[in-house]
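Down below is the structure, laid out as structure tokens.
Number of protein chains: 2
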Amino acid sequence: MNVDYINPFLVTIINILSTMAQTEAKPGKPSVKEGSSAFGDVTGVIGLTGENVKGSFSITFTESSILSIASKMLGEKMDTLDGQIVDVVGEITNMVSGGARKLLAEQGNKFEMALPSTIMGKNHTIVHSAKNAVIVLPFETEDGDFFVEICLDS
Amino acid sequence: MNVDYINPFLVTIINILSTMAQTEAKPGKPSVKEGSSAFGDVTGVIGLTGENVKGSFSITFTESSILSIASKMLGEKMDTLDGQIVDVVGEITNMVSGGARKLLAEQGNKFEMALPSTIMGKNHTIVHSAKNAVIVLPFETEDGDFFVEICLDS
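Here the protein sequences come in this chain order: A and B.
According to our numbering, the first sequence is numbered sequentially starting from 18.
According to our numbering, the second sequence is numbered sequentially starting from 18.
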């Protein structure tokens, strides 16, 4: 996968969590996803289609990280994974892919976004069906980790 | 959501499971998804984008139903939710949305498909972020149930 595709997602996530949720997300080292997967409790996933690429983008949160982020975004203490958390994760997924889409379009890589879906369930894992590599970007926050996966087939 | 969108998915699923997995999938009554969700163990989800619509399509299997379907498709007894099951669910998701895409294009509703993602985890649930209604199609097989969700925003 073209590395030009990675940075727009990375930059957008950090910006959005900083402005919307006063949360510093520290990026770890990007890697190519191997067989074994990381697990999380809430995942937002969105499909991407373009003239030259198709793919999917997902963001998987641990319970502790998303409860903290959602509490800050909503201005009230969230302590359960419920419908409000689903809405927050759907919104984050939309905003991140929308922001990345804008930056990628400026590079000449235009694509359309589908509608986000949110999966909730203790310790689930997500696998993207791609011919090309799936890139994993891990992030640390003070209240827990989350990770982003991007796959785009040319 | 336009009801014309539903039948192509329904017809394609029944055909694919019948031909590929010798499985009779009996459709139940389609309904508009309300707050509470059905749960499943493996879900394939794919994003859809078109000139006039965007949305997502998902198919959620119980463990018993997908193990039976995968056993028949692969010609060997499958008894664990593993990477092979992920591949089967990704393939079914792709085939169903590809088949429905073809039928919808014949009706003048063209859209592109993103890449499928597969979620695995005991008793997870999926929520589609759509302004329009999400349609749920329940199916029964002799080895367990599965359900399809379609959301398309105009």
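Glycine residues also receive a C-beta, built at the ideal position from the N, C-alpha and C atoms.
Around B/F56, the same chain offers N140, H141 and T142 as residues with beta carbons nearer than 7 Å, after the five sequence neighbours per side are excluded. Look at A/N140: its C-beta is under 8 Å from a C-beta on chain B.
B/S35 is bridged by DSSP to nothing; it lacks a bridge partner.
Under the criterion of beta carbons closer than 8 Å, B/V70 and B/F128 qualify as touching, at roughly 6 Å.
For B/L98, the three-state secondary structure derived from DSSP is coil. By the C-beta density criterion, A/D99 is exposed, having fewer than 16 other C-beta atoms within 10 angstroms. Looking at the DSSP output, A/F78 shares a beta bridge with A/V59 and A/F163. By the Cβ-count criterion, B/D58 is buried, with 16 or more other Cβ atoms from all chains shown falling within 10 Å of its own Cβ.
Its Cα nearest to that of B/P155, the residue B/I167 stands out among B/I167, B/N149, B/V144 and B/S146.
With at least 16 other beta carbons inside 10 angstroms of its own, B/G107 counts as buried. The C-alpha of A/E93 lies about 15 Å from the C-alpha of A/D104. DSSP, read as helix, strand or coil, puts A/K43 in strand. Residues are counted here when their Cβ sits less than 9 Å from a Cβ of chain B; for the stretch 81-95 of chain A the count is zero. Burial is judged here by how many other beta carbons sit within 10 angstroms of a residue's own beta carbon; A/S82 has at least 16 and is buried.
In the DSSP annotation of this structure, the continuous segment of the beta strand (DSSP E) that includes B/E157 starts and ends at I152 to T158. Annotation for A/G92: no beta strand (DSSP E) segment contains it, and DSSP assigns it neither H nor E. Of all alpha-carbon atoms in A/A150, A/D162 and A/T158, the one lying nearest the alpha-carbon of A/S73 is that of A/A150. Within the stretch 130-160 of chain A, the residues whose Cβ lies closer than 8 Å to any Cβ of chain B are, in chain order, M130, A131, L132, P133, S134, T135, I136, M137, G138, K139, N140, H141, T142, I143, V144, H145, S146 and A147. Residues of the stretch 63-76 of chain A with a C-beta atom less than 8 Å from some C-beta of chain B are I63, G64, L65, T66, K71, G72, S73 and S75, listed in chain order. Closest option to B/A131, judged by alpha-carbon separation, among B/L120, B/G64 and B/L91: B/G64.
For B/T60, the nearest beta carbon of chain A is closer than 8 Å to its own beta carbon. Of the other Cβ atoms in all chains shown, 16 or more fall within 10 Å of the Cβ of A/A117; this residue is therefore buried. At least 8 Å separates the CB of A/D21 from every CB of chain B.
Taking a beta-carbon distance threshold of 8 Å, B/V103 counts as an interface residue toward chain A.
Using beta-carbon distances, B/D170 counts as an interface residue toward chain A, with a partner under 8 Å. The alpha-carbon of B/V113 is positioned some 7 Å away from that of B/F26.
Per DSSP, the beta bridge partners of A/F128 are A/G67.
When DSSP states are grouped into helix, strand and coil, A/S171 belongs to the coil group. For A/G116, none of the residues of chain B pass the 8 Å Cβ criterion, the least Cβ distance being about 16 Å.
Taking 8 Å as the upper bound for CB-CB distance, B/G61 and B/T135 are in contact here, some 5 Å apart. In the structure shown, A/K148 falls within a coil segment according to DSSP collapsed to helix, strand and coil.
Contact of B/G107 with chain A by beta-carbon distance below 9 Å involves V144, H145 and S146.
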